[in-house]
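K.L.:
Protein chains in written order, with UniProt numbering: chain R, 1 to 414; chain E, 1 to 414; chain B, 1 to 414; chain C, 1 to 414.
Backbone N, C-alpha and C fix where the C-beta goes; we use that ideal spot for every residue, glycine too.
If you're wondering where the values come from, they're calculated on a predicted model, not measured in any experiment.
Protein chains: 4
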Amino acid sequence: MGFEPSSRAQELIGRVEDFLRTEIEPIEGEIHTAIRAADDPWQPLPAFKDLQAKAKKQGLWNLFLPPSEHGNEQYGASSEEGLSNLDYAPIAELTGRSFLAPYVFNCNAPDTGNMEVLLRYGSSEQKQQWLEPLLDGAIRSAFCMTEPDVASSDATNMAATAVVDGDEVVINGRKWWSTGVGHPDCELLIFMGLTDPDAHRYARHTMVLVPRSTPGVKVERLLPAMSRYDEPHGHGEVSFTDVRVPAANILVGPGRAFEIAQGRLGPGRVHHCMRLIGLAEKSLELALQRGTTRTAFGKPLVNLGGNRERIADARIAINQARLLVLQTAYLLDTKGLAGALSEVSQIKVAVPRMAQDVIDMAIQLHGGGGLSDDFPLAAAWTSARALRLADGPDEVHRGVVAKIELSKYTKESK
Amino acid sequence: MGFEPSSRAQELIGRVEDFLRTEIEPIEGEIHTAIRAADDPWQPLPAFKDLQAKAKKQGLWNLFLPPSEHGNEQYGASSEEGLSNLDYAPIAELTGRSFLAPYVFNCNAPDTGNMEVLLRYGSSEQKQQWLEPLLDGAIRSAFCMTEPDVASSDATNMAATAVVDGDEVVINGRKWWSTGVGHPDCELLIFMGLTDPDAHRYARHTMVLVPRSTPGVKVERLLPAMSRYDEPHGHGEVSFTDVRVPAANILVGPGRAFEIAQGRLGPGRVHHCMRLIGLAEKSLELALQRGTTRTAFGKPLVNLGGNRERIADARIAINQARLLVLQTAYLLDTKGLAGALSEVSQIKVAVPRMAQDVIDMAIQLHGGGGLSDDFPLAAAWTSARALRLADGPDEVHRGVVAKIELSKYTKESK
Amino acid sequence: MGFEPSSRAQELIGRVEDFLRTEIEPIEGEIHTAIRAADDPWQPLPAFKDLQAKAKKQGLWNLFLPPSEHGNEQYGASSEEGLSNLDYAPIAELTGRSFLAPYVFNCNAPDTGNMEVLLRYGSSEQKQQWLEPLLDGAIRSAFCMTEPDVASSDATNMAATAVVDGDEVVINGRKWWSTGVGHPDCELLIFMGLTDPDAHRYARHTMVLVPRSTPGVKVERLLPAMSRYDEPHGHGEVSFTDVRVPAANILVGPGRAFEIAQGRLGPGRVHHCMRLIGLAEKSLELALQRGTTRTAFGKPLVNLGGNRERIADARIAINQARLLVLQTAYLLDTKGLAGALSEVSQIKVAVPRMAQDVIDMAIQLHGGGGLSDDFPLAAAWTSARALRLADGPDEVHRGVVAKIELSKYTKESK
Amino acid sequence: MGFEPSSRAQELIGRVEDFLRTEIEPIEGEIHTAIRAADDPWQPLPAFKDLQAKAKKQGLWNLFLPPSEHGNEQYGASSEEGLSNLDYAPIAELTGRSFLAPYVFNCNAPDTGNMEVLLRYGSSEQKQQWLEPLLDGAIRSAFCMTEPDVASSDATNMAATAVVDGDEVVINGRKWWSTGVGHPDCELLIFMGLTDPDAHRYARHTMVLVPRSTPGVKVERLLPAMSRYDEPHGHGEVSFTDVRVPAANILVGPGRAFEIAQGRLGPGRVHHCMRLIGLAEKSLELALQRGTTRTAFGKPLVNLGGNRERIADARIAINQARLLVLQTAYLLDTKGLAGALSEVSQIKVAVPRMAQDVIDMAIQLHGGGGLSDDFPLAAAWTSARALRLADGPDEVHRGVVAKIELSKYTKESK
């Protein structure tokens, strides 16, 4: 009853917690400082690679993988091993407490989503070539969907092209917010582009696997997200000029991109939201620590003005948000995406906003320190804010929730 | 997994739903109209008594009763029969959709709380005299705690006195917001007053069973709550002037009032909050019906401006609130009040505010109709608003949540 | 500079303040109690009539009248006497502090708007017959526009008919929220109805003066607004069945209703908003009085939790709202309605919401007392809430503001 | 009447507007790009120096200077030349539309505040040495008040010391958020430190003029404010180790720091707030441009969901905030700081929050672009967010407003 994790998940949660406390937290500050001080912050640090090796060795690796319903046992996603969404959720929450952790455990976006896509939709060859090294952590990947020149909140606006030309696909256009493309190990781009403008609205686009080294692929620049470049992963603007790859690099088939994207959405949003809940929880902890140890006007900060009420409101908001995400995970597990469509959009609206507000409160309690990088709050804020746009802006998700709500009342048009 | 009700609860939920749809909803409007038109709106209508008789006959009666841990099998609260908080919660939600339903099913506050108190803390004699007719629906009761002359949000402020004088208790003082006291069948008042001002802060007060007909008891007036008198139950201001009852009418013993009150709180707040969730859900339904059937500026209302976003936000808010209440019910069932103290206060803050906002939105979508009594929305709003003060104002509950949160960080004083 | 009133206005403000303090406030509570206790609360009390007589004698009467630009000197609206919107605004604020005051000074809606309409658009005969007794306070009037069967937020939806038939007009249909129609002195209804469905959208409707005693006029019922009937004025639902009045009762001419309504809007909304600011200011004062004189947990309420912050926020919100209304009044005075269209809608959105929030805060600080009628807060809340729908819902006014904002950027369609 | 600027101010406003449109806006983007691309972003660009020279030549220079009440005519602050707060306010709003403009016109914080301090409180020698080159734009200055080790929201917490030792002052301690200290021309630090811990709470601290080149002064690091370093001005953490300067460098006298700080506050906060209003106004314009030119789901963005309502709310919020700041400026001009204490704190609470919300809305309408630096929105957001802490956190200012509000009701202690 309730949303308690299985005993296997419980054991993993305990080990992830230990790892965070003993391996990551003690050196996290140093790593961030080292990145900032580095001549080239886009080179991953050896200390970071060491952490990955330790996590892998302890089996705290690729925990995001779902139970295998697709015969992917050889990739570690056997039904014995894969965790349900509900079981993985608390692990995602824990990894969200640290900006390093998702990478340390090979559980970071967009690689997780890309691996899921390959797992579910990739051919044997595609899996062998790309999924294996991704699962191994040997390479990184990016997802090239959003475009600078159109309102990409309406994904059918996407204008970059993927034209089948004999046994090749020719790719042209410009993408941005290709997260991870700044990393030197990023070797795979999953590109989504327009193939058949005359097909049904949701059958026009194709997903193609594009090796980053293909001629015509150019990372034009790396973009700051609310002033942060998020090195060494980064967010890129990428141009594709007459890029040619074999037609065998198409995922599933031409015009199938939306179908594939659908399958990627549910768990990905649960992961994002659970990580944000971890971040909000961490921020509340920092607020409590600061508020109980600093003094102004003769009292601990926490006893001034409305600070206690804000702490209570933060607790209430976090708890409500977590339950909604767990419920969504549970629905995904038991009813599939079709049974959780509204909820997946609900969490995407509720959680980033909640996190942004909780973090804002924590910043305020930290005074000037909260604005600096001496605490992870400024970075946390950025992360929550960006998620109100990434993966669909709040407004689009509210539209989805409303549409489903209204469908009970009317044969309603849009 | 999740918060699904047991199969027994599921079956009861279905029957309550049917009863609401077939027995209550078709005549609800008429009953409210009849009350408003009555010469004496404080006389319960025969139609209402008929509904009670039907519900009782169908076994949809006293469903709020907890599983018996106290040997109260003879009162229907056998472990086979009593529902857990988690199982009763969806029934409470259903009854909250109608202002009549809680009374029809003998599941209305404050009688439920009073019956629970008698069940847990009453002597055999007290149970026989008062609990039996209450369970039977033959009489009604009120709870006399809040006082007009002190800030009762701090319950230790209570100044009305219950002085033990030999084998009698002498009661003096003034109470208000004694809900239910306007009903002609109200025969029992549970009075809470100061007995020993020198005892520990939480051991000064005593609970006494006071027959309403005792000399010196006077209902001074009936109070409107945000302009509604809520006939035929009402909220009374009651004066006690040298009221004498046998010392045997004391519950448990002198100075034990806070201890008893504690035990009454958890389930009572879950009930209140679940009923409000039912009310919010009903209000959202009304908003959707109105919004899809009325037209302005050439479109259904729901397609104007931010209306769809507001509907989405309402759905998200209701779902989050419901999950938090279910989680609280689950904690009460599995860890007792001590394990759910923060959550009980969390729901008391979150749910009435959420309901008030959802109802406000629904009113706005109904235009002038929303302000009138042609829809249950104005009454719904009052109900939610009052709950932000009744049973402890939001601010006090936020204080409890913050205190618990802070206790992890500091040996903090208040 | 700034928004200081003229010296003449300053003098009137002082006298209105004195009148409120010495004549109205001391007996206001008694009057409300007397209304509630009356056998027939719809009969105005002698005490109230006495107050009107005093105010009239002191020249604190019809102060809402604008400077005469229309040769209406005989009605007291000479340019020497009429106050600008900016000068009247602080008087309106003062009258808003008391529910009686607007009536005592003959400055209450909808009579003020109706008098303005007659002043500006009435023929000499219409003025003599209706304006004179209204200015004198001998009769009351109502405005019949909103309809129960259509979304009246889109005024072009209005479906009740005013058909010219020779030298008569035939009126049919149903109106509601006809405020003031419950008063025994209400003799005039200004009816707005559809005359020519084929004309331009804003030229279809006509305003007609309908004596309440005309055969076919029936007050079907009086409506509670958020549970209050607002006796002795009330809000009525009125049916019109083959009501015939002379064509001479048409205001200006057939199809001119929207044009007339326009002229009525600006000042009326400034009045409503300034009265609400007075009500918010009064509510804040009550909150401060209660908060400094009641004690809980060993402190004055005001020093608990976030109460001081809420008081600061209320002060900031009231001040901002007042400045926006004064600026709107100033624009109306200097640039006319065309130069203040956006601002008139801005205040209509901002002020009732602000007042509702400030009053809600004050209620919360009053505990159970705030819900009762022992303080004017429950009634104040109703008044603010209703204004979020009356005279156009928030959503419609936000639409106006946005439309004007967008007009700078685009030849925008609707 | 109203808050219209004087004709002299009107003329200046027009010229500042022209300068912004023709000189700054066309090259603003390039300058920001050049700073980001520079090997050393801390070196001011020649293009920027050129702009300053042009502005100076046109007399658009030091416009922040108040009318001289202190015989400072020689510094250009003659009563003929100095602008009242109300007259300068719209100019400050204009400069707030561009991050460069305040510097171009020599009207940027903290130099303006520092110049005002020298103007009002400096000796002739101090003025000659520091004020003249500051007014000339030849040097820059910083203000060293906030400390990393104490909650500086309570300024009496300041622990860095300024000890008088014969004819010298010895300074020790650590300050941060010393804005402007990153600039190569920054030559003056105004340091505020503890001199006499036994004096009255507000007479313990001293302000000292410290040349940046004094031995013992060290800029330990430059701090990011919500991830931005704001080159080439920056925010520094500065250590002072046995720094010795002549006692003649003390402003006014030992223990007079709070007195001086007071005088600096009012106008400074009006400037900050008006600049933020300019920034909010600019952000709303960008939102409208983007919203009318981008299309999704077949409509311009502005016609989707609640976007129009959000635009209306932004307009209403900006207008209310501007009026409150203008009113505050007017009070400062007519009643001095003592007559505007509450208002100065009111704007400090209301305006940054308003600006943060409006900018957040504009970001959301820009999608991914809003997160990037392709639009000034991410930087605008940072600026508004930081102002909720800089110059006193919201919570402290709410406390001031509440204290003043309460002072009418009670001889209240804090």
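When you compare the CB of PRO393/B with every CB in chain E, is at least one pair closer than 8 Å?
P.N.:
Cβ-Cβ to chain E under 8 Å: yes for PRO393/B.
K.L.:
Is the Cβ of ILE190/B closer than 8 Å to any Cβ of chain C?
P.N.:
Answer no: the Cβ-Cβ gap between ILE190/B and chain C never drops below 8 Å.
K.L.:
Measure the beta-carbon distance from GLY96/C to LEU276/C and round it to whole angstroms, keeping in mind my assumption that it falls under 8 Å.
P.N.:
Yes, they are in contact, since the Cβ atoms of GLY96/C and LEU276/C sit about 6 Å apart, within 8 Å.
K.L.:
Taking 8 Å as the cut-off, does the region 300-315 of chain C touch the region 121-131 of chain C (at least 3 CB pairs, one atom from each stretch)?
P.N.:
At 8 Å Cβ cutoff, the stretches do not touch.
K.L.:
Is the region 206-216 of chain E in contact with the region 232-248 of chain E, if contact means three or more CB pairs nearer than 8 Å?
P.N.:
The region 206-216 of chain E is in contact with the region 232-248 of chain E.
K.L.:
If you draw a straight line from the alpha carbon of ASP373/E to that of VAL117/B, how long is it in whole angstroms?
P.N.:
Distance between the alpha carbons of ASP373/E and VAL117/B: 31 Å.
K.L.:
Under 8 Å, Cβ to Cβ, is there at least one residue of chain C near GLU309/E?
P.N.:
So, interface residue.
K.L.:
Pick helix, strand or coil for VAL150/E, following the three-state DSSP scheme.
P.N.:
In the structure shown, VAL150/E sits in coil (DSSP, three-state: anything other than H, G, I, E or B).
K.L.:
At a CB distance below 7 Å, what residues from the region 282-306 of chain R approach chain B? Give them in sequence order.
P.N.:
Taking 7 Å as the Cβ-Cβ cut-off against chain B, the residues of the region 282-306 of chain R that qualify are GLY305, GLY306.
K.L.:
Where DSSP assigns a beta bridge to GLY193/C, which residues make up the other side?
P.N.:
BP columns for GLY193/C point to THR206/C.
K.L.:
Assign SER383/C to one of two classes, buried (16 or more other C-beta atoms within 10 Å of its C-beta) or exposed (fewer than that).
P.N.:
So SER383/C counts as buried.
K.L.:
Which same chain residues end up closer than 6 Å to residue 415/C when comparing Cβ atoms and leaving out the 5 residues on each side of it in sequence?
P.N.:
No statement about residue 415/C is possible, as the shown extent of chain C runs from 1 to 414 and does not include it.
K.L.:
From which residue to which residue does the alpha helix (DSSP H) around CYS273/R run?
P.N.:
Taken as a continuous stretch (DSSP letters only), the alpha helix (DSSP H) holding CYS273/R covers 257-293.
K.L.:
Between GLN346/B, ASN249/B, ALA378/B, which lies nearest to GLN129/B when the distance is taken from Cα to Cα?
P.N.:
The residue with the shortest Cα to Cα distance from GLN129/B is ASN249/B.
K.L.:
Considering Cα atoms alone, identify which of TRP381/B, SER342/B, ASP50/B, LEU323/B is closest to ALA396/B.
P.N.:
With the sequence shown as reference, residue 396/B is identified as Val, and Ala is not the correct amino acid for it. Comparing Cα-Cα distances from VAL396/B to each of TRP381/B, SER342/B, ASP50/B, LEU323/B, the minimum goes to SER342/B.
K.L.:
Here's a check: name, in chain order, each residue in its chain whose Cβ is nearer than 7 Å to the Cβ of ILE91/B, leaving out the five neighbours to either side.
P.N.:
Same-chain partners within the cutoff: LEU12, ILE13, VAL16, LEU63.
K.L.:
For ARG201/E, count neighbouring C-beta atoms within 10 Å of its own C-beta (all shown protein chains included) and say buried if the count is 16 or more, exposed if not.
P.N.:
Label assigned to ARG201/E: exposed.
K.L.:
How would you call LYS49/E, buried or exposed, if buried means at least 16 neighbouring beta carbons within 10 angstroms?
P.N.:
Classification of LYS49/E: exposed, given that the 10 Å Cβ count is below 16.
K.L.:
So, do the region 361-369 of chain R and the region 394-408 of chain R have three or more beta carbon pairs nearer to each other than 8 Å?
P.N.:
No: fewer than three Cβ pairs fall under 8 Å.
K.L.:
Could you name the residues of the same chain whose beta carbon sits closer than 7 Å to that of VAL375/E, not counting the 5 residues immediately before and after it, in chain order?
P.N.:
In the sequence as presented, Val is not what sits at residue 375/E; that position holds Phe. Closer than 7 Å at the Cβ level, and outside the excluded window around PHE375/E, lie LEU286, HIS366, GLY369.
K.L.:
Can you find a heavy atom of the ligand FMN that lies under 7 Å from the Cβ of PRO232/B?
P.N.:
With respect to the ligand FMN, the structure shown offers nothing to examine, as it has no ligands at all.
K.L.:
Should PHE240/C be flagged as near chain B, meaning a C-beta pair shorter than 8 Å?
P.N.:
False, the Cβ-Cβ gap to chain B never drops below 8 Å.
K.L.:
Would the beta-carbon of VAL162/R fall within 8 Å of that of THR195/R?
P.N.:
The amino acid at residue 162/R is misidentified as Val; the sequence shows Ala. Cβ atoms of ALA162/R and THR195/R: closer than 8 Å.
K.L.:
Using a Cβ-Cβ cut-off of 7 Å (strictly less than) and excluding sequence neighbours within five positions of VAL164/B, which residues of its own chain qualify?
P.N.:
Once the five neighbours on either side are set aside, the close Cβ partners of VAL164/B are THR195, ALA247, PRO254.
K.L.:
Residues in its own chain within less than 6 Å of GLY268/E by CB, not counting five upstream and five downstream?
P.N.:
Correct list, in chain order: GLY113.
K.L.:
THR241/E lies in the beta strand (DSSP E); which residues open and close that run?
P.N.:
Residues 235-246.
K.L.:
Please classify ASP18/R as buried or exposed, where buried requires at least 16 other C-beta atoms within 10 Å of its C-beta.
P.N.:
Classification for ASP18/R: exposed.
K.L.:
What residues in its chain sit with their C-beta under 6 Å from that of HIS271/B, if we drop five residues either side in the sequence?
P.N.:
Excluding residues within five positions, the ones whose Cβ falls inside 6 Å are ALA92.
K.L.:
To the nearest angstrom, how far is the alpha carbon of ARG290/B from that of LEU406/E?
P.N.:
Approximately 29 Å between the Cα atoms of the pair.
K.L.:
In chain order, what are the residue ranges of uninterrupted alpha helix (DSSP H) at least 4 long that sit wholly in the region 357-385 of chain C?
P.N.:
368-371, all fully within the region 357-385 of chain C.
K.L.:
Rounded to whole angstroms, what's the CA-CA distance from GLY76/C to LEU265/C? Just pull it up for me.
P.N.:
The predicted position of GLY76/C is uncertain, since its pLDDT is 49 and thus under 50; no value can be drawn from it.
K.L.:
For chain R, check one thing: does any of its Cβ atoms lie closer than 8 Å to the Cβ of ALA350/E?
P.N.:
Yes, ALA350/E counts as interfacial toward chain R.
K.L.:
Starting from ASN172/E, trace the beta strand (DSSP E) both ways and give me its first and last residue.
P.N.:
168-179 is the extent of the beta strand (DSSP E) around ASN172/E.
K.L.:
For SER178/E and chain B, any beta-carbon pair shorter than 8 Å?
P.N.:
No - not a single Cβ of chain B is within 8 Å of the one on SER178/E.
K.L.:
Go through its chain and collect everything with a Cβ distance to THR295/E's Cβ below 8 Å, but skip five positions before and after it.
P.N.:
Result list for THR295/E: LEU301, in chain order.
K.L.:
Would you list, in chain order, the members of the region 133-155 of chain C that have their beta-carbon closer than 8 Å to a beta-carbon of chain R?
P.N.:
Listed in sequence order: THR146, PRO148, VAL150, ALA151, SER152, SER153, ASP154.
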